[in-house]
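This report refers to the structure that appears directly beneath it.
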Amino acid sequence: FLARALTQEADLYLMDEPFQQVDATTEHAIVNILKELKKEQKTVVVVHHDLQTIREYFDWVTLLNVRKIACGPVDSVFTEENLRLTYGGHIPVFQNAMVNGQ
5 FLARALTQEA
15 DLYLMDEPFQ
25 QVDATTEHAI
35 VNILKELKKE
45 QKTVVVVHHD
55 LQTIREYFDW
65 VTLLNVRKIA
75 CGPVDSVFTE
85 ENLRLTYGGH
95 IPVFQNAMVN
105 GQ
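Okay, so the sequence shown: first residue is 5 according to this note's numbering, each after it adds one.
See below:
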């Protein structure tokens, strides 16, 4: 799917869970491709649900739950409060990442 999209040389790429069901090597390759697209000033919108890799993979995030909860730079938007509003309840895995600054 990604190779076909890249051959279009578009300015905007929409990707729904591009890391789903791929091995670690392929995931790393996709991340590198996303970084290259960013360097080329392309816009890439990715649907992604792995909270532990958000900070590592992306610099901008939009949190949705029926409506927009928050949108902006990861460091200002990816907060415990915004995640609680998005997912509800307590998210212990994320809390550990927040403490470690990851």
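Backbone N, C-alpha and C fix where the C-beta goes; we use that ideal spot for every residue, glycine too.
Backbone CA spacing between residue i and residue j [nearest angstrom]
i: A74; j: R8; result: 32 Å
i: V78; j: W64; result: 5 Å
i: H52; j: D20; result: 7 Å
i: V81; j: E31; result: 24 Å
i: T66; j: L87; result: 11 Å
i: V26; j: D54; result: 13 Å
i: Y91; j: K72; result: 12 Å
Helix, strand or coil at residue i [DSSP, three-state]
i: N86; result: helix
i: T66; result: strand
i: T57; result: helix
Opening and closing residue of the beta strand (DSSP E) in which residue i lies
i: A74; result: R71 to P77
Integer Cβ distance of residue i from residue j, believed to fall under 8 Å
i: V48; j: L41; result: 5 Å
i: L68; j: I37; result: Not confirmed; about 24 Å, so no contact.
i: Y17; j: K46; result: 6 Å
Other residues of its chain near residue i: CB distance less than 6 Å, five sequence neighbours each side excluded
i: V50; result: M19
Chain-order list of residues whose beta-carbon lies under 8 Å from that of residue i (same chain, five-residue window excluded)
i: A14; result: K46
For residue i, the first and last residue of its enclosing alpha helix (DSSP H)
i: V26; result: No alpha helix (DSSP H) holds V26; DSSP gives it neither H nor E.
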